[in-house]
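Using the numbering used here, you'd call the opening residue of the sequence shown number 5 and step up by one each time. Note that the Cβ used here is the ideal one computed from N, Cα and C, for glycine as well. As the structure is a prediction and not an experimental result, all values here were calculated from the model.
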Amino acid sequence: MNRRRFTAGCAVLTGVIASSALFAAEKPPVKIGASLPLSGLLTPNGTMYRIGITMAIDDVNRAGGVNGSPIELVIDDYQGLAEQAVLLFRRHAAAGVVASLGPLSGTGWETIAPLANSMKVPVLNWTALKPGISKKPYALRLHPPDDMMVPEGVAEFLKKFPNVKRVVIAGDLREASGASGIIEFQKAAKARGIEILDTVGFDSRTTDFSPTAIKICGLAPDAIFLSALPPNTLAVVNELDTQGFQAPVLVNALIWPGNFPQVVSAGAKNVYTIGFNTNEPAPEIKGHDEFVARYAKLSGETTSLSKPANVANATLAYDAMMLLVGILKEKNIDGATDVEQARTAIMESLITLKSWQGLNAITMQDSGDGYIRSHLLEIDVANKSWKYSLPRAER
5 MNRRRFTAGC AVLTGVIASS ALFAAEKPPV KIGASLPLSG LLTPNGTMYR
55 IGITMAIDDV NRAGGVNGSP IELVIDDYQG LAEQAVLLFR RHAAAGVVAS
105 LGPLSGTGWE TIAPLANSMK VPVLNWTALK PGISKKPYAL RLHPPDDMMV
155 PEGVAEFLKK FPNVKRVVIA GDLREASGAS GIIEFQKAAK ARGIEILDTV
205 GFDSRTTDFS PTAIKICGLA PDAIFLSALP PNTLAVVNEL DTQGFQAPVL
255 VNALIWPGNF PQVVSAGAKN VYTIGFNTNE PAPEIKGHDE FVARYAKLSG
305 ETTSLSKPAN VANATLAYDA MMLLVGILKE KNIDGATDVE QARTAIMESL
355 ITLKSWQGLN AITMQDSGDG YIRSHLLEID VANKSWKYSL PRAER
């Protein structure tokens, strides 16, 4: 009798699950947009974030979706170009997305943020570093900008190198995050009583960095503070190494994601950056180690990412999607909800958000930006990955 009852109960349960799955499949999807650079110089960054976002969507959809609706990602390649980001944002809004993720760079973010407010479409950014360009109530950024990250990175850098007294600051004057990083490095150096010997600017389209390196080497600084995208940083570091420069180079978080630790060779031991996550085990963060393992497997199946995987802030791409999903569930939004009503409800939830705990502990600021504690990172040359530079007790 017990076995028959158990078998009958399983049959009923199976029927309920099947009916629920059928009901979910019959509901229209909830659309969320994403603009990523899947071609061009920032392809590695776009690819890693696409993996993080789709991991979140897969987790949600496998669990039954959102209020019975699956999540549908409306994704396009904006090639790292601000004008293309605008085109795609308008296209995604017309396609009925309830919210959007991206674009990545400061130049793209400061272009999209005001547009999001005029079109009343919520957008979350998780990467751009230029301060002061998030625009409430519709355009918020989970990633801390350079005015939060650089002071913390410089503080730990000076713990590691207490004899650094004179620096040269260099960087990309054309790209928004590059140019703003120069300013934040200047502020942080002055606040710490560090002498700035000179500020050496260049253009992101520069191909010959020998004049830049010659000028820096001639000043003989104790260290360099550098703000530039990975291709430019790689060229600068290579040229400095060619000219025999061996002092430490602190770069802002522009080189933290992507392929930098795997592709840099000459001068790698001298390069430091600022970030809040590595591939190293972090059992104190629920889900971190599992995420790293899954991400490494998926990134290993791509051709645009160097190996081994560099997780970096792919965790925050995952968090951005899961944060939106949590709001959709809380507000009882599904694929049948009026799109404009859904957008308004998401916006209202985002601007009242104070903190959120996922793979990262995020505290929202009045500026519309998230704060996450940042740390000094260095390259583990043998393993071609980032690692925390200071012991836990000294961070």
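Q) With a cut-off of 8 Å, do at least 3 Cβ pairs link the region 192-210 to the region 274-289? A) Counting Cβ pairs under 8 Å, fewer than three are found: no touch.
Q) Apart from the five residues just before and just after Ile218, which ones in its own chain have a Cβ nearer than 6 Å to its Cβ? A) No residues qualify anywhere along the chain.
Q) Roughly how far, in whole angstroms, is the beta-carbon of Arg145 from the beta-carbon of Gly330, given that I think they are within contact range, below 8 Å? A) About 18 Å separates the beta carbon of Arg145 from that of Gly330, a gap too long to meet the 8 Å contact definition.
**Q.** Three-state secondary structure (DSSP) of His292
**A.** Residue state, collapsed to three classes: helix.
Q. What is the residue span of the beta strand (DSSP E) that Ala227 lies within?
A. Run containing Ala227: Ala227 to Ser231, per the beta strand (DSSP E) assignment.
Q) Rounded to a whole number of angstroms, what is the C-alpha to C-alpha distance between Ser308 and Ile383? A) If you take the alpha carbons of Ser308 and Ile383, they lie about 21 Å apart.
Q) DSSP three-state call for Arg170: helix, strand or coil? A) The answer is strand: DSSP assigns Arg170 an E or B state.
Q) Does DSSP put Lys35 in a helix, a strand or coil? A) Looking at Lys35 - three-state DSSP - the assignment turns out to be strand.
Q | Alpha-carbon spacing of Ala28 relative to Ala346, whole angstroms | A | Low per-residue confidence applies at Ala28: pLDDT is 47, beneath 50, and the placement is therefore not dependable, though the value from the model is reported in the following sentence. Taking the straight line from one Cα to the other gives about 19 Å.
Q. With respect to the beta strand (DSSP E) encompassing His96, which residues constitute its N-terminal and C-terminal limits?
A. Note, His96: premise wrong, no beta strand (DSSP E); alpha helix (DSSP H) at Ala86 to Ala98.
Q. Ordered along the chain, which non-local residues of its own chain (more than five positions away) have a Cβ less than 8 Å from that of Leu381?
A. Excluding positions up to five away in sequence, the list reads Trp260, Tyr276, Thr277, Ile278, Gly279, Thr282, Trp390, Lys391, Tyr392 and Ser393.
Q) Three-state secondary structure (DSSP) at Gly44? A) In the structure shown, Gly44 sits in coil (DSSP, three-state: anything other than H, G, I, E or B).
Q | DSSP-derived helix/strand/coil call for Phe27 | A | Reliability of the predicted coordinates at Phe27 is poor, the pLDDT of 43 falling under 50, and no value is obtained from them.
Q: For the alpha helix (DSSP H) containing Trp360, list its first residue and its last residue.
A: For Trp360, there is no enclosing alpha helix (DSSP H); the enclosing beta strand (DSSP E) covers residues Ser359 to Gln361.
**Q.** beta strand (DSSP E) segment containing Lys333, residue limits
**A.** Secondary structure note for Lys333: it is in no beta strand (DSSP E), and the uninterrupted alpha helix (DSSP H) holding it is Ala318 to Glu334.
**Q.** Secondary structure, beta strand (DSSP E): runs of 3+ residues fully inside the region 359-390
**A.** The qualifying runs are 359-361, 365-368 and 379-384.
Q: Identify the continuous alpha helix (DSSP H) that holds Asp150 and give its terminal residues.
A: Element bounds for Asp150: Asp150 to Lys164.
Q) Which same chain residues, not among the five before or five after Ala97, have their C-beta less than 6 Å away from its C-beta? A) The answer, listed in chain order, is Met123 and Val125.
Q. Hey, would you say Gly271 sits closer than 7 Å to Val241, going by beta carbons?
A. Annotated as proximal: Gly271 and Val241, with beta-carbon spacing under 7 Å.
Q. When burial is assigned at 16 or more other CB atoms within 10 Å of the CB, is Leu223 buried or exposed?
A. Looking at its Cβ environment, which holds fewer than 16 other Cβ atoms inside 10 Å, Leu223 is exposed.
**Q.** Beta carbon of Gly37 nearer than 7 Å to that of Val64
**A.** No. Outside cutoff.
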